[in-house]
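In UniProt numbering, the protein residues as written are 1 to 164.
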């Protein structure tokens, strides 16, 4: 994975860091991730021009959308269901998120509740079991709904541009 943020380079350069060494370190630490996966990072620059780079796991929404097999969350959460997951999915995502430094001391039950809350805000329904055939049909219907929503958004944007 390659770091592609010009703004970040500017800030690191201002603080006197060696950009090439930073990129090499970042790429080494993120080599096992698939390209395109969002990775929250914390960079602490010390007074001796050294730095501490902490790379967290991807955001919860990324894991939820991947597990549910969807590209985007709900436009109006609570009114539409974008995907479905089982409690086991929630548990596995919570176990991964527990490895992040801010969550290391948080009980797994609380992390599961946070994951469920995030799932609801994305429009993902949590169930005990999911029938794969029914879910495949659901995703097919959902694709049509998403295409329709995207068309509506595009029309609204074009209408705003024409008004100006």
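For every residue, glycine included, the Cβ atom is placed at its ideal position computed from N, Cα and C.
Who are the Cβ neighbours of residue i in its own chain at under 7 angstroms, not counting the five residues just before and after it?
{"i": "residue 69", "result": "83, 139"}
{"i": "residue 25", "result": "53"}
Under three-state DSSP, which class holds residue i?
{"i": "residue 238", "result": "Here the chain has residues from 1 to 164 only, and residue 238 is not among them."}
{"i": "residue 86", "result": "strand"}
{"i": "residue 127", "result": "strand"}
{"i": "residue 106", "result": "coil"}
{"i": "residue 34", "result": "coil"}
{"i": "residue 42", "result": "strand"}
{"i": "residue 1", "result": "Summary for residue 1: the model assigns pLDDT 45, below 50, so the residue's position carries little reliability; its value from the coordinates is reported in the next sentence. DSSP places residue 1 in coil when its eight states are reduced to three."}
Pop quiz: residue i and residue j are said to be a contact at Cβ under 8 angstroms. What is the actual Cβ separation, rounded to whole angstroms?
{"i": "residue 116", "j": "residue 98", "result": "So it is not a contact: roughly 15 angstroms between Cβ atoms."}
{"i": "residue 17", "j": "residue 45", "result": "7 angstroms"}
{"i": "residue 123", "j": "residue 77", "result": "5 angstroms"}
{"i": "residue 22", "j": "residue 51", "result": "7 angstroms"}
{"i": "residue 73", "j": "residue 79", "result": "Their Cβ separation, rounded to whole angstroms, is 12 angstroms, which puts residue 73 and residue 79 out of contact at 8 angstroms."}
Counting only the same chain and skipping the five closest in sequence on each side, list residues whose C-beta sits under 8 angstroms from that of residue i.
{"i": "residue 90", "result": "112, 115, 116, 119, 126"}
For the beta strand (DSSP E) containing residue i, list its first residue and its last residue.
{"i": "residue 61", "result": "No beta strand (DSSP E) contains residue 61, which is instead part of the alpha helix (DSSP H) from 60 to 68."}
{"i": "residue 53", "result": "51 to 55"}
Which first and last residues belong to the alpha helix (DSSP H) in which residue i is found?
{"i": "residue 28", "result": "19 to 29"}
{"i": "residue 163", "result": "132 to 163"}
Could you pull out every residue in the same chain whose Cβ sits closer than 6 angstroms to the Cβ of residue i, ignoring the five residues on either side in sequence?
{"i": "residue 56", "result": "40, 100"}
Of all the CB atoms in chain C, is at least one closer than 8 angstroms to the CB of residue i?
{"i": "residue 132", "result": "In the structure shown, chain C does not exist; there is a single protein chain."}
Checklist entry - Touch check for the segment 146 to 157 and the segment 123 to 137: three-plus C-beta pairs under 8 angstroms? => result no
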